[in-house]
Structure formats: C-alpha cells, structure tokens
Amino acid sequence: MKFPYALSDFGTLIREGYFYQDRTDRIPRLEAVGRQLIFIRPRRFGKSLLLSMLEHYYDVKRADQFDALFGNLAIGRNPTPLHNQYFILKWDFSLVKSQGEMKDIEMALHRHVNAAIQDCAAHYGWDDIEIVPDDAVISLSSLLRRVRREDHFLYLLIDEYDNFANEVLMSGRRQEFYEGLLYGEGLLKTLFKGVKAAMGQGIDRVFITGVSPVVLSDMTSGYNVGEDIYLEAAFNDLCGFTESEVAAVLERLAAEGGAWSPTEALELMRTFYNGYCFSEEGGERLYNPTLSLYFLKALHTKGRYPLRMLDENLAMDRGKLRYIADLPHGEEVLVQALDGEGGLRIPQLTKRFGVADVLASVKDRPFMASLLYYFGVLTHTGLSDFLEPILNIPNLVARSLYVERLQDLWLETYEDKTRVPELRKEVFRTGDLTPLVSFVEARYFPILSNRDYRWTNELMVKLAFLTLLFDDRLYMLVSETEMDHGYVDLSLIRRLDRRAVKALDLLFEFKYVSLAQLKLDGEQVRAASADELAAQSAVRQALQTAAEQARRYGAALTERYGLTDLRLYAVVGVGLERVVWQTVADV
C-alpha cells in the first residue's frame with residue numbers, strides 16, 4: 001500500500017495507486033443539499049483532497065478520464081447526471097500573503113484571483129479573457145461573460161476561504177487591516193458580492209471550505225446565500241476516517257507481513273488520533289486523517305510506530321491555543337478543558353464570528369470554546385439535560401497541545417523548564433514522588449495560587465502533576481478516564497510500543513483539604529512535616545478515600561491493558577501549601 005501523506009491531488013492519488021478512503025458516495029447528498037455550500041473543518045483534515053475530488057468529478061474536460069478516476073469508486077458505479085458537466089474555477093486563499101501594508105494584502109488577493117482565472121482560461125483554451133492586475137473583480141466578470149457563451153456553467157471551488165483574513169487577525173495586525181478587507185467596500189467582501197451576483201449568470205455551484213467561521217459574519221451582506229453544512233449529521237464523516245476504516249487498513253497491512261499487532265496498533269491510534277465529532281446531533285467518532293496517514297506510512301515503510309505521535313506539521317496549531325490563552329480568561333478555559341470532568345458546556349456553538357467579536361476586549365466562554373472547537377482541539381461529546389453542547393478534548397495529541405501551552409505559562413524560568421524533565425524521569429524510574437512534590441510546593445503552588453480564577457483546589461493539584469509528568473513519547477497519559485463506573489484522576493500507561501522501556505505504569509487519585517478544615521494557617525502547614533500533616537484527621541480521611549478509589553480504578557486499568565506492576569498513589573493537596581502522598585497497595 002502507498003499512503004498519500006501530504007498529497008491532496010485526487011488525480012495523482014488515483015492514477016498512482018495511493019490509498020484513498022472512498023467518500024464519493026456523498027456526492028449525491030452534496031448536490032441535493034444546495035448549490036452554495038460552506039464546509040468547515042480543522043487544519044489538515046482532508047478538505048483540499050475533498051475539493052480536488054469534486055474538481056475531477058465535475059470538470060467537463062476530464063470526461064474521458066471518468067472511468068479511470070472513478071470506475072472503482074462508489075460514484076463510478078452510480079454517477080449523477082452532473083458528472084463532467086462544469087467548468088472549474090479554483091481559489092485557494094491559503095496562498096494569499098497577509099504580510100505588508102493594506103495595499104500589499106489587497107494586491108496579493110488580486111494576484112491570486114487573477115492567476116486562478118488565467119489558469120481556468122488556459123485549461124479550457126480561452127484566450128479572450130481580460131485580466132486587470134489591480135481589479136480581479138473585473139477579471140472575474142470577463143471570465144463569466146466567456147462562460148455564458150458556452151453550454152456549461154462554472155463550479156467555483158474555494159479552499160481556506162478564511163486563511164489570510166485569520167492570519168491578519170491572529171498575528172495581531174491592526175483592526176483596520178481586517179476591516180479594510182471585509183467592511184464597507186472592502187476587497188474580499190466585494191469579491192464575494194460578485195460571486196453572489198454571478199449565480200445563474202455563469203456560476204451555478206459554489207463549494208467553500210475553511211477552518212473557522214470568523215469571516216462569515218462580516219461577509220454576510222456581501223454573500224448571504226451560502227448554506228452552512230459543517231454541523232450536519234449527514235456530513236459528519238465527509239472528511240476523516242471511521243474506526244472500522246482504520247481497523248481494516250491495519251488488518252490489511254498486517255496481512256502483508258507486519259510484525260506488530262493490528263489490535264494494539266488500533267488501541268494506540270484510538271488514544272492519540274480518534275475522538276472527533278462535528279455534528280450537534282452526535283455521530284461516529286472520527287480519526288484525524290493526516291495524523292492517521294502519518295502513523296500508517298511509518299508503520300508501512302519502517303515496520304514500527306512513529307517515534308513521536310504528533311506530526312510536527314500539525315503542531316502549528318499551538319499558535320491557536322496561544323491566541324486563546326492570551327485572551328482575558330482564556331487560560332481559565334484551557335484549564336477547564338484540560339480538566340475533562342463534565343466537559344465544557346456552552347449555551348450553543350457560535351456558527352459565525354465577526355471582527356468585532358474577535359477583536360473585542362471581553363470574550364466569553366462560549367466564544368472561546370467555539371473557536372477551540374473549530375481549531376480542532378475541542379469536539380462534540382454530547383448534549384446536557386438542557387440541550388447545551390458539551391465539548392471535550394478529542395484525543396491525546398490535542399491534549400498535548402494544551403499541556404505544552406500551560407507549561408509555557410506556568411514554568412516561568414529557564415531553570416524551572418530544564419529541571420522538570422529530570423523530575424519526570426525520576427518518577428518514571430523509581431516511583432518516588434518526593435522531588436516532584438518539593439518542586440510543586442516551592443514553584444508551582446505560588447504561581448497557581450496567584451491565578452485569579454475560580455478553579456477548584458483539587459483541580460490545581462491535579463493540573464500540577466498532569467503538566468509536569470506529561471510525556472506522550474513514552475506514555476498514554478490520560479486524565480478522567482472512565483473506569484468501573486467512575487473516573488480516574490490521572491493515569492500514565494506506557495505506550496504499547498514502549499513496554500520494553502524500564503519505566504513504571506502510574507495511577508494517581510487526588511484530594512484536597514483546606515486550611516479551614518485543619519484549623520491551621522499557612523505558616524503552620526508549611527512548618528509541619530509530611531508525617532505530621534498525614535496524621536491530621538481530615539488529611540488521613542482524604543488519603544484513605546483516594547486510596548480506595550485508586551485500588552478500584554487500578555484493578556480496571558490492569559485488566560484493560562494487561563499490566564503487571566501498576567503503581568497506585570493517593571495524593572492530597574493541603575491548603576495549596578503542601579502535598580501529602582502515599583503509595584497504595586493494590587489489595
């Protein structure tokens with residue numbers, strides 16, 4: 001098998017025998033749902049390949065290639081009457097530079113649209129299209145006049161429609177840059193007004209993809225006819241892989257001679273890559289396609305799992321989390337998402353954003369949670385009793401991005417950042433928490449206690465351990481894993497391909513005792529020994545409760561993963577001053 005990692009040209013993929021997960025059976029649904037469609041998915045989720053597939057299916061000039069391209073696919077066995085019935089015009093706004101002054105950005109947009117029009121004209125042998133370098137709208141009008149002389153209409157495909165506008169915003173550019181593109185007679189707004197006016201006058205269908213709906217609200221008066229299909233259950237899996245599809249590929253690879261277990265490989269992929277749901281009505285969880293192909297290609301070519309489960313091409317999404325974290329209360333939203341228990345509940349997912357929403361000084365939780373959803377680092381996990389969307393981090397790869405961002409915020413000095421890896425390895429090798437606990441008391445608690453957020457103190461203790469111990473190169477680190485009708489606070493289970501590494505499997509249960517419960521002040525707690533604190537009635541009771549939970553969840557984890565030496569810990573935060581801990585016997 002050949003895996004098309006980073007390959008988004010459908011024709012090349014099919015002609016050269018690359019793996020393709022057939023989604024052509026969705027074409028009749030797309031035709032039926034509307035003529036101007038807006039489809040949003042996170043970065044690297046297969047949108048460009050989807051557009052390329054549509055291009056090859058509808059292009060009138062590729063009619064003689066239909067059987068070769070689609071004959072072995074679902075749509076080839078039952079094509080719609082519209083196949084190979086359109087001229088194709090493609091815009092890819094990810095290619096439009098957002099650097100420079102306003103005039104530079106406008107000219108970059110003119111150049112891209114003009115180049116796309118010239119490519120379209122050359123493809124169909126038209127040599128009478130007028131290209132106006134500083135007015136792409138006029139160039140488009142010239143192309144449409146030519147189309148109206150033909151027997152077919154135009155299908156306009158727009159990829160990453162929001163990319164350069166988002167870059168202008170996320171890079172901290174002045175508000176007037178963005179407003180100059182989308183407000184009043186801004187160029188982007190004017191361009192979409194031209195598209196709207198051309199419907200039935202040369203353009204018959206439009207398919208628009210993007211990462212977020214940030215631009216949609218400001219485009220509304222210019223282009224208020226697009227139909228949003230990105231939350232529709234029927235198109236939940238239009239991009240992405242289902243578990244049965246991933247499992248089938250693994251079984252096929254194993255049959256070709258892989259010296260690994262497809263069951264174990266699927267378990268690993270499920271932990272790191274699965275979990276996405278894009279429908280408010282629920283639906284099957286999806287695997288990130290780019291990450292899955294990255295994993296499968298390594299498995300096929302090297303005969304082993306990739307050393308790092310996060311493809312660095314996806315790590316660029318760190319910038320999106322940084323943007324959220326820097327917003328007022330943004331850090332708190334990241335913490336609530338990372339907590340996991342109960343998820344983030346919001347009244348409704350925001351479907352369209354305008355510049356005023358993004359640039360306003362105050363952002364509420366629904367706004368930030370919605371952005372995190374569109375960025376692909378939160379996903380639908382259900383509805384509350386009051387029909388509120390519940391959002392959670394989809395998988396371990398996404399969770400690693402949250403942890404990295406909070407580490408950057410909370411490890412304030414170079415010395416702290418370089419000390420943590422050694423503390424982590426000490427815990428992994430020996431199971432001794434003493435050095436780690438000393439670091440938490442001396443460095444982390446002073447930082448976290450100054451955060452003016454409404455966090456539960458038990459959560460603060462758990463987050464300290466989670467962010468300090470996170471290591472996805474070695475562990476499947478899982479917070480709030482459902483086990484035995486309850487939730488594990490934090491477990492670190494060695495990856496299936498790291499079982500030979502001499503490191504421990506670990507499980508932690510956390511509790512918190514306030515200073516008021518102890519009737520002590522901070523100075524007294526700091527002065528007491530760990531044994532003296534553990535002897536306090538409230539602390540002793542908290543340790544006992546945590547130990548009982550650790551035993552119960554430990555038994556379930558041991559059975560699930562076939563563990564032989566899972567270390568259990570009861571950990572109690574005392575007044576955000578101290579941490580008391582003990583190992584727990586498994587019987």
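Per full-length UniProt numbering, the sequence shown starts with residue 1, numbered consecutively. Quick reminder that beta carbons are idealized off the backbone N, C-alpha and C, glycines included.
Identified DSSP bridge partners for residue i
{"i": "residue 475", "result": "494"}
{"i": "residue 410", "result": "According to DSSP, which records beta bridges pairwise, residue 410 is partnered with nothing at all."}
{"i": "residue 10", "result": "Paired residues: none, contrary to the question."}
{"i": "residue 91", "result": "158"}
{"i": "residue 227", "result": "37"}
{"i": "residue 285", "result": "Paired residue(s): none; residue 285 is not in a bridge."}
{"i": "residue 505", "result": "566"}
{"i": "residue 427", "result": "Answer is none; residue 427 lacks a bridge partner."}
{"i": "residue 147", "result": "None; residue 147 has no bridge partner."}
{"i": "residue 344", "result": "391"}
{"i": "residue 86", "result": "59 and 153"}
{"i": "residue 20", "result": "Answer by DSSP bridge pairing: none, since residue 20 is not bridged."}
Residue i, enclosing beta strand (DSSP E) - first and last residue
{"i": "residue 582", "result": "578–584"}
{"i": "residue 213", "result": "Where residue 213 is concerned, there is no enclosing beta strand (DSSP E), given that its DSSP letter is neither H nor E."}
{"i": "residue 392", "result": "389–392"}
{"i": "residue 380", "result": "379–383"}
{"i": "residue 248", "result": "Segment 243–255 is the alpha helix (DSSP H) holding residue 248; no beta strand (DSSP E) there."}
{"i": "residue 573", "result": "566–574"}
{"i": "residue 157", "result": "153–159"}
Straight-line Cα distance separating residue j from residue i
{"i": "residue 434", "j": "residue 226", "result": "59 Å"}
{"i": "residue 312", "j": "residue 194", "result": "38 Å"}
{"i": "residue 113", "j": "residue 149", "result": "22 Å"}
{"i": "residue 442", "j": "residue 335", "result": "21 Å"}
{"i": "residue 99", "j": "residue 187", "result": "16 Å"}
{"i": "residue 502", "j": "residue 97", "result": "49 Å"}
{"i": "residue 563", "j": "residue 338", "result": "26 Å"}
{"i": "residue 160", "j": "residue 101", "result": "21 Å"}
{"i": "residue 265", "j": "residue 282", "result": "26 Å"}
{"i": "residue 55", "j": "residue 157", "result": "8 Å"}
{"i": "residue 361", "j": "residue 328", "result": "At residue 361 the pLDDT is 46, less than 50, meaning the model places this residue with poor confidence and gives no usable figure here."}
{"i": "residue 514", "j": "residue 279", "result": "42 Å"}
{"i": "residue 9", "j": "residue 138", "result": "29 Å"}
{"i": "residue 42", "j": "residue 133", "result": "33 Å"}
{"i": "residue 348", "j": "residue 372", "result": "14 Å"}
{"i": "residue 90", "j": "residue 377", "result": "29 Å"}
{"i": "residue 323", "j": "residue 203", "result": "37 Å"}
{"i": "residue 351", "j": "residue 568", "result": "44 Å"}
{"i": "residue 416", "j": "residue 512", "result": "25 Å"}
{"i": "residue 331", "j": "residue 269", "result": "28 Å"}
{"i": "residue 20", "j": "residue 46", "result": "11 Å"}
{"i": "residue 236", "j": "residue 581", "result": "45 Å"}
{"i": "residue 245", "j": "residue 491", "result": "29 Å"}
{"i": "residue 212", "j": "residue 375", "result": "7 Å"}
{"i": "residue 470", "j": "residue 402", "result": "11 Å"}
{"i": "residue 535", "j": "residue 519", "result": "14 Å"}
{"i": "residue 340", "j": "residue 398", "result": "13 Å"}
{"i": "residue 4", "j": "residue 13", "result": "7 Å"}
{"i": "residue 76", "j": "residue 111", "result": "37 Å"}
Residue i, DSSP secondary structure in three states
{"i": "residue 199", "result": "strand"}
{"i": "residue 440", "result": "helix"}
{"i": "residue 512", "result": "strand"}
{"i": "residue 124", "result": "coil"}
{"i": "residue 523", "result": "helix"}
{"i": "residue 499", "result": "coil"}
{"i": "residue 5", "result": "coil"}
{"i": "residue 205", "result": "strand"}
{"i": "residue 96", "result": "coil"}
{"i": "residue 132", "result": "coil"}
{"i": "residue 361", "result": "Note that residue 361 has pLDDT 46, beneath the 50 cutoff, so the model's placement of it is unreliable and the number below is only indicative. Three-state DSSP puts residue 361 in coil, outside helix and strand."}
{"i": "residue 104", "result": "helix"}
{"i": "residue 276", "result": "strand"}
{"i": "residue 374", "result": "helix"}
{"i": "residue 350", "result": "coil"}
{"i": "residue 163", "result": "helix"}
Min CB distance residue i to chain B below 8 Å
{"i": "residue 540", "result": "In summary, chain B is missing from the structure at hand, where a single protein chain is found."}
Residue i: CB within 7 Å of a non-hydrogen atom of the ligand FAD
{"i": "residue 261", "result": "Among the components of this structure there are no ligands whatsoever, and the ligand FAD is therefore not found."}
Residue range of the unbroken alpha helix (DSSP H) whose run includes residue i
{"i": "residue 541", "result": "537–561"}
{"i": "residue 449", "result": "445–449"}
{"i": "residue 462", "result": "457–469"}
{"i": "residue 534", "result": "530–534"}
{"i": "residue 262", "result": "262–273"}
{"i": "residue 76", "result": "74–77"}
**Asked** Can you give, in chain order, each stretch of the beta strand (DSSP E) that sits fully within the region 29–72 and has at least 3 residues?
**Response** 36–40
**Request:** Output the residue ranges of the alpha helix (DSSP H) runs that lie fully inside the region 295–336 and measure 4 residues or longer, sorted by chain position.
**Result:** 318–325
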